[in-house]
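Reading the sequence shown from the start, the letters are residues 104 to 311 in the numbering used here.
Worksheet: one structure, shown below.
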Amino acid sequence: MLQAASLTCVKGDHVLFDHLDLSIHPGQIYQISGANGTGKTCLLKILAGLSPPEEGAVFWNGEPIQRHPDKFRSLLAYLGHSIGLKLDLTPTENLEFWSSLYGASQTPLADALIRVGLKDQAHIACRYLSAGQRRRAAIARFQINDALVWILDEPLTALDSSGIKSVCQTIDAHLDRGGLVVITSHQPITLDRHPVEEFRIQDTACPA
Numbered sequence: 104m105l106q107a108a109s110l111t112c113v114k115g116d117h118v119l120f121d122h123l124d125l126s127i128h129p130g131q132i133y134q135i136s137g138a139n140g141t142g143k144t145c146l147l148k149i150l151a152g153l154s155p156p157e158e159g160a161v162f163w164n165g166e167p168i169q170r171h172p173d174k175f176r177s178l179l180a181y182l183g184h185s186i187g188l189k190l191d192l193t194p195t196e197n198l199e200f201w202s203s204l205y206g207a208s209q210t211p212l213a214d215a216l217i218r219v220g221l222k223d224q225a226h227i228a229c230r231y232l233s234a235g236q237r238r239r240a241a242i243a244r245f246q247i248n249d250a251l252v253w254i255l256d257e258p259l260t261a262l263d264s265s266g267i268k269s270v271c272q273t274i275d276a277h278l279d280r281g282g283l284v285v286i287t288s289h290q291p292i293t294l295d296r297h298p299v300e301e302f303r304i305q306d307t308a309c310p311a
């Protein structure tokens with residue numbers, strides 16, 4: 104279980120959210136919603152261990168993630184606004200690079216690209232792909248590791264309807280395997296087999 108306990112986030116001289124609590128179990132997906140500037144991206148970074156909270160803590164199975172950060176990172180796949188692709192490499196070559204870091208994958212690289220609709224673009228340098236195709240390639244990398252925790256910041260940005268469908272199918276399959284997902288999106292997310300829970304951050308920004 105991924106748990107946020109009494110999280111407070113301060114940006115500049117403003118408190119974005121205060122004493123926030125959230126628990127996410129394996130097989131669950133939570134969509135973080137809220138008005139612009141309420142701290143959605145900040146919350147995802149805190150949950151991923153990329154930014155420290157002003158107060159509170161994040162726990163994985165009852166243990167603070169900062170106690171053994173390398174252990175938690177091995178369980179985590181994070182997609183932020185920077186999608187982490189090497190633009191001079193093809194989608195296949197990018198997956199080969201990531202696979203060398205993750206170790207042996209149970210999912211063949213070609214299959215991972217087919218699942219996100221990039222079969223015909225597998226050997227084209229990423230710099231020549233559209234923004235949506237690059238995002239699909241970034242999401243394909245999630246299929247070649249064993250991360251249980253997926254934290255996705257606006258993964259549907261720049262995707263067409265077929266791309267959105269592919270990503271939703273990928274998320275559904277991850278939840279089937281007992282993974283958990285925390286996601287932000289300006290677009291509605293509909294999965295075939297799992298309900299999408301909403302966690303709304305209230306607009307309570309105030310001076311710190």
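We put the beta carbon where it would ideally sit given N, CA and C, even for glycine.
In this text the structure is predicted, and so the values were computed from the model without any measurement.
Only counting the same chain, and skipping five residues up and downstream in sequence, which positions put a Cβ closer than 7 Å to that of residue i?
i, result
"HIS277", "TRP253 and VAL284"
"TRP201", "ARG244 and ILE247"
Quick check on residue i: does DSSP put it in helix, strand or coil?
i, result
"GLU196", "helix"
"ILE254", "strand"
"THR350", "The displayed coordinates of the chain run from 104 to 311. Any statement about residue 350 would go beyond what the structure contains."
"PRO172", "helix"
"LEU283", "strand"
How big is the Cα-Cα spacing for residue i and residue j?
i, j, result
"SER136", "ILE267", "18 Å"
"ILE149", "TYR133", "15 Å"
"ASP249", "THR210", "10 Å"
"ASN139", "PHE302", "15 Å"
"CYS271", "LYS222", "18 Å"
"HIS122", "ALA213", "44 Å"
From the DSSP output, which residues share a beta bridge with residue i?
i, result
"GLU158", "THR111"
"PHE302", "ILE135"
"GLN106", "SER126 and PHE162"
"LEU212", "According to DSSP, which records beta bridges pairwise, LEU212 is partnered with nothing at all."
Apart from the five residues on each side of it in sequence, which residues of its chain come closer than 8 Å, Cβ to Cβ, to residue i?
i, result
"GLU257", "HIS184, THR287, SER288 and HIS289"
"PHE245", "ALA180, LEU182, TRP253, THR273 and HIS277"
"SER233", "ALA261"
"LEU294", "ILE132, CYS271, ILE274, ASP275 and LEU278"
Would you mind giving the Cβ-Cβ distance between residue i and residue j, rounded to the nearest angstrom? I have them listed as a contact below 8 Å.
i, j, result
"ALA243", "LEU262", "ALA243 to LEU262, Cβ: 13 Å. No contact."
"ILE274", "TYR205", "The Cβ separation is near 19 Å, so there is no contact."
"SER109", "GLU158", "6 Å"
"LEU105", "TRP163", "6 Å"
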